[in-house]
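Those protein sequences? They're chains A and B, same order as listed.
The first sequence begins at 1 in the working numbering and counts up one residue at a time.
The second sequence begins at 1 in the working numbering and counts up one residue at a time.
Number of protein chains: 2
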Amino acid sequence: MATYTPPVRDMLFVLDTIGDLDSILNLPDFGHVDIETVEGVLSEAARFFSEVFAPTNEIGDRKGVSLEDGSVITPDEFKPVWSKLVESGWTAVTGSQDFGGHGFPRTIGLALSEMMTSANLAFSLIPMLTGSGITLLTRHGSDELRDKYLANLISCEWTGTMVLTEPQAGSDLGAIRTKAVPNRDGTYAISGTKIFITWGDHDLADNIIHMVLARTEDAPPGTNGISLFLVPKFRLDADGSPAELNEIEVVSIEHKLGIHASPTCVLSFDGATGFLVGEENQGMRYMFTMMNQARLEVGLEGLSVAERAYEHAAEYAKQRLQGRALGSSEPSPIIEHADVRRTLMTMKAYTESMRCLVYAAAAADDVLHSAHSEAERLEAGNRLALLTPIAKSWCTDRGVEVASMGIQVFGGMGFIEESGAAQFYRDVRITPIYEGTNGIQAIDLVMRKLPMDNGAVIEKYLAEIEALDAELERAGEPLAGVRTELANATKVVRKATSWLNSSPDVQARMAGATPYQEMLGTLAGGYYLAVSALVALPHVDKDPWMSAKVTTATFYATNLLPKVHGLIGSAIGGSNLIFAIDPQYIGG
Amino acid sequence: MATYTPPVRDMLFVLDTIGDLDSILNLPDFGHVDIETVEGVLSEAARFFSEVFAPTNEIGDRKGVSLEDGSVITPDEFKPVWSKLVESGWTAVTGSQDFGGHGFPRTIGLALSEMMTSANLAFSLIPMLTGSGITLLTRHGSDELRDKYLANLISCEWTGTMVLTEPQAGSDLGAIRTKAVPNRDGTYAISGTKIFITWGDHDLADNIIHMVLARTEDAPPGTNGISLFLVPKFRLDADGSPAELNEIEVVSIEHKLGIHASPTCVLSFDGATGFLVGEENQGMRYMFTMMNQARLEVGLEGLSVAERAYEHAAEYAKQRLQGRALGSSEPSPIIEHADVRRTLMTMKAYTESMRCLVYAAAAADDVLHSAHSEAERLEAGNRLALLTPIAKSWCTDRGVEVASMGIQVFGGMGFIEESGAAQFYRDVRITPIYEGTNGIQAIDLVMRKLPMDNGAVIEKYLAEIEALDAELERAGEPLAGVRTELANATKVVRKATSWLNSSPDVQARMAGATPYQEMLGTLAGGYYLAVSALVALPHVDKDPWMSAKVTTATFYATNLLPKVHGLIGSAIGGSNLIFAIDPQYIGG
Numbered sequence: 001m002a003t004y005t006p007p008v009r010d011m012l013f014v015l016d017t018i019g020d021l022d023s024i025l026n027l028p029d030f031g032h033v034d035i036e037t038v039e040g041v042l043s044e045a046a047r048f049f050s051e052v053f054a055p056t057n058e059i060g061d062r063k064g065v066s067l068e069d070g071s072v073i074t075p076d077e078f079k080p081v082w083s084k085l086v087e088s089g090w091t092a093v094t095g096s097q098d099f100g101g102h103g104f105p106r107t108i109g110l111a112l113s114e115m116m117t118s119a120n121l122a123f124s125l126i127p128m129l130t131g132s133g134i135t136l137l138t139r140h141g142s143d144e145l146r147d148k149y150l151a152n153l154i155s156c157e158w159t160g161t162m163v164l165t166e167p168q169a170g171s172d173l174g175a176i177r178t179k180a181v182p183n184r185d186g187t188y189a190i191s192g193t194k195i196f197i198t199w200g201d202h203d204l205a206d207n208i209i210h211m212v213l214a215r216t217e218d219a220p221p222g223t224n225g226i227s228l229f230l231v232p233k234f235r236l237d238a239d240g241s242p243a244e245l246n247e248i249e250v251v252s253i254e255h256k257l258g259i260h261a262s263p264t265c266v267l268s269f270d271g272a273t274g275f276l277v278g279e280e281n282q283g284m285r286y287m288f289t290m291m292n293q294a295r296l297e298v299g300l301e302g303l304s305v306a307e308r309a310y311e312h313a314a315e316y317a318k319q320r321l322q323g324r325a326l327g328s329s330e331p332s333p334i335i336e337h338a339d340v341r342r343t344l345m346t347m348k349a350y351t352e353s354m355r356c357l358v359y360a361a362a363a364a365d366d367v368l369h370s371a372h373s374e375a376e377r378l379e380a381g382n383r384l385a386l387l388t389p390i391a392k393s394w395c396t397d398r399g400v401e402v403a404s405m406g407i408q409v410f411g412g413m414g415f416i417e418e419s420g421a422a423q424f425y426r427d428v429r430i431t432p433i434y435e436g437t438n439g440i441q442a443i444d445l446v447m448r449k450l451p452m453d454n455g456a457v458i459e460k461y462l463a464e465i466e467a468l469d470a471e472l473e474r475a476g477e478p479l480a481g482v483r484t485e486l487a488n489a490t491k492v493v494r495k496a497t498s499w500l501n502s503s504p505d506v507q508a509r510m511a512g513a514t515p516y517q518e519m520l521g522t523l524a525g526g527y528y529l530a531v532s533a534l535v536a537l538p539h540v541d542k543d544p545w546m547s548a549k550v551t552t553a554t555f556y557a558t559n560l561l562p563k564v565h566g567l568i569g570s571a572i573g574g575s576n577l578i579f580a581i582d583p584q585y586i587g588g
Numbered sequence: 001m002a003t004y005t006p007p008v009r010d011m012l013f014v015l016d017t018i019g020d021l022d023s024i025l026n027l028p029d030f031g032h033v034d035i036e037t038v039e040g041v042l043s044e045a046a047r048f049f050s051e052v053f054a055p056t057n058e059i060g061d062r063k064g065v066s067l068e069d070g071s072v073i074t075p076d077e078f079k080p081v082w083s084k085l086v087e088s089g090w091t092a093v094t095g096s097q098d099f100g101g102h103g104f105p106r107t108i109g110l111a112l113s114e115m116m117t118s119a120n121l122a123f124s125l126i127p128m129l130t131g132s133g134i135t136l137l138t139r140h141g142s143d144e145l146r147d148k149y150l151a152n153l154i155s156c157e158w159t160g161t162m163v164l165t166e167p168q169a170g171s172d173l174g175a176i177r178t179k180a181v182p183n184r185d186g187t188y189a190i191s192g193t194k195i196f197i198t199w200g201d202h203d204l205a206d207n208i209i210h211m212v213l214a215r216t217e218d219a220p221p222g223t224n225g226i227s228l229f230l231v232p233k234f235r236l237d238a239d240g241s242p243a244e245l246n247e248i249e250v251v252s253i254e255h256k257l258g259i260h261a262s263p264t265c266v267l268s269f270d271g272a273t274g275f276l277v278g279e280e281n282q283g284m285r286y287m288f289t290m291m292n293q294a295r296l297e298v299g300l301e302g303l304s305v306a307e308r309a310y311e312h313a314a315e316y317a318k319q320r321l322q323g324r325a326l327g328s329s330e331p332s333p334i335i336e337h338a339d340v341r342r343t344l345m346t347m348k349a350y351t352e353s354m355r356c357l358v359y360a361a362a363a364a365d366d367v368l369h370s371a372h373s374e375a376e377r378l379e380a381g382n383r384l385a386l387l388t389p390i391a392k393s394w395c396t397d398r399g400v401e402v403a404s405m406g407i408q409v410f411g412g413m414g415f416i417e418e419s420g421a422a423q424f425y426r427d428v429r430i431t432p433i434y435e436g437t438n439g440i441q442a443i444d445l446v447m448r449k450l451p452m453d454n455g456a457v458i459e460k461y462l463a464e465i466e467a468l469d470a471e472l473e474r475a476g477e478p479l480a481g482v483r484t485e486l487a488n489a490t491k492v493v494r495k496a497t498s499w500l501n502s503s504p505d506v507q508a509r510m511a512g513a514t515p516y517q518e519m520l521g522t523l524a525g526g527y528y529l530a531v532s533a534l535v536a537l538p539h540v541d542k543d544p545w546m547s548a549k550v551t552t553a554t555f556y557a558t559n560l561l562p563k564v565h566g567l568i569g570s571a572i573g574g575s576n577l578i579f580a581i582d583p584q585y586i587g588g
């Protein structure tokens, strides 16, 4: 079975170096948190997630979930672990102190989420989706709804779901048909069929709180006519305890490529009692404010599975003897073969760069919600908006790539399910798809984020990267390779950025969106590792961990960052070639 | 269920343009085959493989195989289909006419294999492995062994296996321990445990002929002491019919990520009767002569799954309505969205370029075995030797990439097993691993193939690509983009080649092997598509299929070929960085 060792030192390093944790802990909202507490929390949580949570990963994959008499049944091993998670309070660290949470910064919450997700992606989706519900309710729910539901969601005694998709409304949520008819008592009767509802039912919690998109009768068409409703599995009695079953049927669960332990439900609502969240017809707007959060969490999933696959492959490569490395007369551990070592270095460099990118976005989120000044908040919000599609798409694409490399390190054993490498490859494949496919992230990046503030937001980011050049120059020879490659890569990304931000041809911009997104993600990864290398450099003589950080940054800069040069042609190549062939000559 | 439409027109186009079919049919061995026969065979076979064979793919994946009372049981649906395949004679087209085959060129055999493999990869492995056994027996077996076994293998009434791997001997076959002790009658008693034996047992044929690597008692250590034995499941009686069971036990079958319908067996030989093939201690040499064949077949598997995944995704993208394409007021089929269309174009371009590469190698193999002159044979052999690791690795890596793109086109449905997209992603993942991992292919390419004939073999190939420049120049504006990008890409590949062929640092060459392999594969794909575009160009006005060929070549040249520029840094970057971090700082 694949063990998991949470990379606490790297997490703290990235929180400090990239996440600027000191500044975040100085924000008004976080006066009650200090760095010692954070260190204690991370090491305590590391023990819990590696020892208690991680062992459920393979069991969940193998046993999966089942639908019996209309209810989803989880593996027996999940129940005690879930209880322990709820008791531990790890899921409540970022929750509002007014409702029983600990009010920690989101950066710390994400570090804990990373551990939980590395330990068991399928299982981690419950707190993740519950967190989205908490955000929606906190921001947009009435006092009454908050009082009734929020504390139990923050403690995870009740769990949450996002109920958006319908068969005809996937990427295009404007096509939603589920109906909401007002009842006399101010509630609504919700009716319709919803698909792809993650953890839509299960046997772990006393109640499940669905956040459902639906249309009232006279709502305008498209996305402007969608409202958000809270629909509990069990209606509450006068004491606020779960009582009567609501009118929700679990029609079926899906047979999926991965995350077998996470039930993906088709739910049928047949006049179920729903409570309007916020105002009518504002549902999509509310969802969009929450989506940045969920998208970043999915980016985190790419990182988390990559970390686990990387650790797993490295462990195997150190003990598997096969062939003789150059200069050896005995069978060698395969980590001594150059090609395997290159693969592991690639996995390591991508994983550490993803951590930087995700934590950087989380730090922006903390500043956005807690900064001293409006100007800081505005800037942080713009940074978060820019980084979110990159973190979501780049980290999930790299997650798939790293998991596939993990299989390759295992050779023939990697194809055998018992080795565990295959599960990561299957599980992580959902992440480039859900919460907005990576193609949709790319459109968001190019059509909405690049033009923000007349291009000033992306310009500021590129200028920040360029400003590192002076520091890299001062660092001299040890970072000379990083400096050269970062400058070259930034130049080509800047060229693509200018082209995309000035082209009047919308179709051409959309055609170049995905390759551009990969370029910007690749550059961001190289940038953050370069920052890390600058911090690590003074310590390399005494500390091999710090020395490894400089090597990893250099490896990334010289081996991975140059990929941007192979992408610019596609990013600014326009759409003519792409649409030149009639569909009848595409396919079989 | 995913349908399959064999791309007969493209197969014939590539056979003609890249495979130089005219010349091959003029070789002395193929006087009995003409182009009309080839066309007839392909269109007849296309019907068989699409209508009869392809429908077993999803069934085989879902039902898998089981081990009952020591025997492997295949899905019921396989038995009648297998009988029809044997009757059809499609697997016997390349077999020797002396033993009931049709003596067709290998290029035609590979085109048929492509159809069989696209239709059902797991099932196609029986004829594939049987073909390897046929080659070994034909080249190295005694007359007696050939007379007894060859005809039944060529007809596929009996099937073959390759029995090489042991738990400690995967990539390093020199570590094999299975023993062969001479019996008095000239046979050998074979004892040992073998793993990863594809189709090592099943219920479809009357006999299974294992080709087993083992050591005689006084054999030298390592690869120089390995002999090859033919070990039948059933020993033959005096009439040559299968009679007594040999001493072979099916210990278990593996639970795999993909190719569920292909039983991967652990076989225990306990003094089983074996017949020496060729001479003692020559087993690895024989295997190597056969391995080029098998490796090319695995490269073909990458192509074949890519073709199927591409067709499947294109079909879905034409009917799935979601969102509105630019300028449309109605929901659009997603093929009209630029990002999806780019994905499909990438799938198309890779698939067609892979077909060229694999067929080019097969054509070299035909010339190698049938050419008029020794000089031609030598040259063809060198070309085959060069192209084999590229075809194996590049096509399987691209196969994984294309299958993953297929899932992405399906969006959320791609993650649901019923859509069929996930099966391609799971199945194809074995191909970069077996028959020599792609890392081993890269070492073979850089350490053995590049230095061949003092670098003259790769030089000739690069010069051939450069020579196309004059033709592309004559073609003018329509191929100007192809010309520029091909020239730029060739320059950078040439630079990497020179570096790798002149560096005295062996570790550095091994460290650069995989990125170099990707560079050369990417260039080869672009080269063959450029050749195709030159052939197609005169017909574009009257024939949209030909016009699509030119567009595809241009898309490849401008969007995919530039990837080589992002790889050269890794290819010639040396090994220092790769080995700079102590293993204790790699992994968790």
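We put the beta carbon where it would ideally sit given N, CA and C, even for glycine.
Would H565 of chain B pass as an interface residue toward chain A - the criterion being a Cβ-Cβ separation below 8 Å? With its beta carbon less than 8 Å from one in chain A, H565 of chain B belongs to the interface.
Roughly how many angstroms lie between the CA atoms of E249 of chain B and V266 of chain B, to the nearest whole one? Looking at the two C-alpha atoms, the distance is approximately 8 Å.
Is it true that the CB of G302 of chain A sits closer than 8 Å to the CB of C156 of chain A? The answer is no: Cβ separation not under 8 Å.
When the cut-off is 8 Å and only beta carbons count, does F579 of chain A lie next to chain B? Yes, F579 of chain A counts as interfacial toward chain B.
At least one CB of chain B closer than 8 Å to the CB of K256 of chain A: is that the case? Yes, K256 of chain A counts as interfacial toward chain B.
Give the residues of chain B in contact with R342 of chain A, contact being defined as C-beta atoms less than 7 Å apart. Below the 7 Å Cβ cutoff, chain B contributes A511, T514 and I578 as neighbours of R342 of chain A, in chain order.
Close-in-space but distant-in-sequence residues of the same chain around L21 of chain B (CB under 6 Å, 5 per side omitted): Closer than 6 Å at Cβ, skipping near neighbours: L15.
Counting Cβ pairs, one atom from each stretch, are 3 or more of them under 8 Å apart for the segment 381-393 of chain B and the segment 352-368 of chain B? Touching, per the Cβ criterion.
Any chance the segment 442-450 of chain B sits against the segment 506-526 of chain B, with 3 or more Cβ pairs inside 8 Å? These segments touch.
Can you grab the Cα-Cα spacing for the pair F123 of chain B / P6 of chain B, in whole Å? Rounded to the nearest angstrom, the two C-alpha atoms are 17 Å apart.
Compare the beta carbon distance of R285 of chain A and G436 of chain A with 8 Å and say whether it is the shorter of the two. The Cβ atoms of R285 of chain A and G436 of chain A lie no closer than 8 Å to each other.
When the Cα atoms are used, what is the spatial distance from K592 of chain A to S50 of chain B? No answer is possible for residue 592 of chain A: the residues shown for chain A start at 1 and end at 588.
Grouping DSSP H, G and I as helix and E and B as strand, with all else coil, what is S503 of chain A? For S503 of chain A, the secondary structure class from DSSP, reduced to helix, strand or coil, is coil.
Going along chain A in order, which residues have a C-beta closer than 8 Å to the C-beta of D427 of chain B? Residues of chain A whose Cβ lies closer than 8 Å to the Cβ of D427 of chain B do not exist, since the nearest Cβ in that chain is about 10 Å away.
Return the chain-ordered list of same chain residues with a C-beta closer than 6 Å to the C-beta of Q423 of chain B, the five sequence neighbours on each side being excluded. Spatial neighbours of Q423 of chain B in its own chain (CB-CB distance under 6 Å, excluding positions within 5 residues in sequence) are listed in chain order as D61.
Sequence-distant residues of the same chain with beta carbon closer than 8 Å to P451 of chain A, five excluded per side: Counting only Cβ-Cβ distances below 8 Å, and skipping sequence neighbours, we find N501.
Sub-8 Å separation of G399 of chain A and H312 of chain A beta-carbons: Cβ atoms of G399 of chain A and H312 of chain A: not closer than 8 Å.
Is A571 of chain B closer than 8 Å to G481 of chain B when the C-beta atoms are compared? In this structure, G481 of chain B keeps its C-beta atom at 8 Å or more from the C-beta atom of A571 of chain B.
Between which residues of its own chain and R235 of chain A is the CB-CB distance below 7 Å, once the five residues before and five after are set aside? The residues are A243, E244, N246 and T273.
From this set, B:E39, B:S23, B:H255 and B:Y4, which residue's C-alpha is nearest M11 of chain B's C-alpha? Out of B:E39, B:S23, B:H255 and B:Y4, the CA that lies nearest to the CA of M11 of chain B is found in B:E39.
Please state if the CB of L561 of chain B and the CB of G526 of chain B are separated by a distance shorter than 8 Å. Yes, Cβ-Cβ distance for G526 of chain B and L561 of chain B is below 8 Å.
Distance between beta carbons of S262 of chain B and T198 of chain B, contact taken as under 8 Å: Right, their Cβ atoms sit about 6 Å apart.
Any beta-carbon of chain B closer than 8 Å to the one on L303 of chain A? Chain B, which has no Cβ nearer than 8 Å to the Cβ of L303 of chain A, makes this no.
Considering only residues of the same chain and omitting the five flanking positions on each side of H260 of chain A, which have a CB-CB separation below 6 Å? Sequence-distant Cβ neighbours of H260 of chain A in its own chain, meaning closer than 6 Å and more than five residues away, are D61 and G64.
The segment 199-218 of chain A contacting the segment 174-188 of chain A, beta-carbon criterion three pairs below 8 Å: The segment 199-218 of chain A makes contact with the segment 174-188 of chain A: 3 or more CB pairs, one atom from each, lie closer than 8 Å.
Identity of the residue in A:S171, A:I18, A:F99 and A:V93 nearest V340 of chain B by Cα: The residue with the shortest Cα to Cα distance from V340 of chain B is A:S171.
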